[in-house]
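Residue numbers (UniProt numbering): 1 to 400. The C-beta atom is built at its ideal place from N, Cα and C for all residues, glycine as well.
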């Protein structure tokens, strides 16, 4: 019988209990992506270290007949690195390790995929970028054929597959882009050639299996990894990792996006999907990690989007432990819970910040936002409690 393959990619500096979580002045709590993974049914298979300290966890749910029903892999966030802790800040700021995590997910899914299996990809922050880019890559290119995935080093071939996917995106970009962008692209293409020499032959269309993706589920996608164009006096960022398209690929069945309403850091600007009948894209109260999780002692607010996401994933076939078990393990959604303002922390206070704006028709407002607005004085740390009245609700949105 077909099984479900789940890949969970965490956000910047996120990893369960890791010291790196404290980079953003957050206590080392668990992200919502990790809790999604942890509450999936199944038993731990292993907890191996990947290349250069890339940590991951795996679990498997087996049917009574011995066949696999659900297989899941969790990967720590961009910037989290067990063996190279001094590179954590560089990784989190410039997106180091991002493509490694995409290739890890691609090779894992290719290795385990069988016809008619379901594929579900979950991510937070830049892990959400990982999830969306990986899903689009699978939908666009397909997966590696079993013989390529299992007999000839799937991780190496996944690097070549990523290069082929990105080269097509680069070719589609605006030819009138800046000189700096063109230099970046040429440098990237040169690197791609060297990687091809290292990882093996260039793949052909015959090496891929056309594949659909069942669902992509993300918390507050952040894709800001641009390079400042200082040599041109431009106040812009050139983003080598930018999405080629914000449209949902036709071969992706469903998409779910929990979006922060209140985050203000400029370099945490959200990347929204273009509206689509297959998409649920909802606003939730709080900052970036109030939506994606990671605050150890004040997680009631982030449990609201977590519960919502688990409900969506259950609808597409994921198997979770029962709700009572989640509640015993700390799930306690609270629309009136403490919010946070990380843009006021020392690390970010000197950087730009602005109120997020949302195009008309792109998002809906989760019911918990309205409940928070009606709840009287609520706390947004470090301020004293006050009524919640967000100034940036999209125009024309009424309570459902």
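With a threshold of 16 other CB atoms inside 10 Å of the CB of residue i, please say whether the residue is buried or exposed.
i: residue 143; result: buried
i: residue 1; result: exposed
i: residue 348; result: buried
i: residue 45; result: exposed
i: residue 395; result: exposed
i: residue 70; result: buried
i: residue 26; result: Because residue 26 sits at a pLDDT of 44, beneath the cut-off of 50, its placement in the model cannot be relied upon, and the following sentence gives the value as read from the coordinates. Buried.
i: residue 303; result: buried
i: residue 346; result: exposed
i: residue 133; result: buried
i: residue 250; result: exposed
i: residue 81; result: Confidence is the limiting factor: at residue 81 the pLDDT is only 45, short of 50, which leaves the residue's position unreliable and the question unanswerable from this model.
i: residue 56; result: buried
i: residue 96; result: Here residue 96 scores only 46 on pLDDT, less than 50, and its place in the model is too uncertain to base an answer on.
i: residue 5; result: buried
i: residue 305; result: buried
i: residue 72; result: buried
i: residue 11; result: buried
i: residue 43; result: exposed
i: residue 387; result: exposed
i: residue 202; result: exposed
i: residue 398; result: exposed
i: residue 318; result: buried
i: residue 359; result: exposed
i: residue 88; result: Low per-residue confidence applies at residue 88: pLDDT is 37, beneath 50, and the placement is therefore not dependable, though the value from the model is reported in the following sentence. It counts as buried.
i: residue 63; result: exposed
i: residue 123; result: buried
i: residue 103; result: buried
i: residue 254; result: buried
i: residue 270; result: buried
i: residue 119; result: buried
i: residue 116; result: exposed
Since residue i contacts residue j with CB under 8 Å, what's their CB separation in whole angstroms?
i: residue 259; j: residue 284; result: 7 Å
i: residue 280; j: residue 312; result: 7 Å
i: residue 135; j: residue 252; result: 6 Å
i: residue 320; j: residue 41; result: 6 Å
i: residue 213; j: residue 121; result: 7 Å
i: residue 365; j: residue 282; result: 7 Å
i: residue 141; j: residue 208; result: 6 Å
What does DSSP give as the partner residue(s) for residue i in the beta ladder?
i: residue 381; result: 340
i: residue 218; result: 123, 257
i: residue 277; result: None; residue 277 has no bridge partner.
i: residue 70; result: 4, 61
i: residue 282; result: 258, 364
i: residue 353; result: 265
i: residue 44; result: 59
i: residue 387; result: 377
i: residue 118; result: 4
i: residue 31; result: 293
i: residue 9; result: 75, 123
i: residue 144; result: 208
i: residue 213; result: 252
i: residue 270; result: 222
i: residue 320; result: 40
Are the beta-carbon atoms belonging to residue i and residue j less than 8 Å from one another?
i: residue 149; j: residue 110; result: yes
i: residue 300; j: residue 32; result: no
i: residue 375; j: residue 336; result: yes
i: residue 145; j: residue 9; result: no
i: residue 378; j: residue 371; result: no
i: residue 296; j: residue 127; result: no
i: residue 363; j: residue 248; result: no
i: residue 113; j: residue 211; result: yes
i: residue 389; j: residue 341; result: no
i: residue 217; j: residue 309; result: yes
i: residue 357; j: residue 392; result: yes
i: residue 68; j: residue 60; result: yes
i: residue 137; j: residue 165; result: yes
i: residue 7; j: residue 34; result: no
i: residue 204; j: residue 162; result: no
i: residue 338; j: residue 298; result: yes
| task | Answer yes if the segment 258 to 276 comes into contact with the segment 341 to 357, meaning at least three C-beta pairs across the two stretches below 8 Å, and no otherwise. | result | yes
| request: Spell out a yes or no on whether the segment 286 to 306 and the segment 208 to 222 are touching, meaning 3 or more CB-CB pairs, one atom from each, closer than 8 Å. | output: yes
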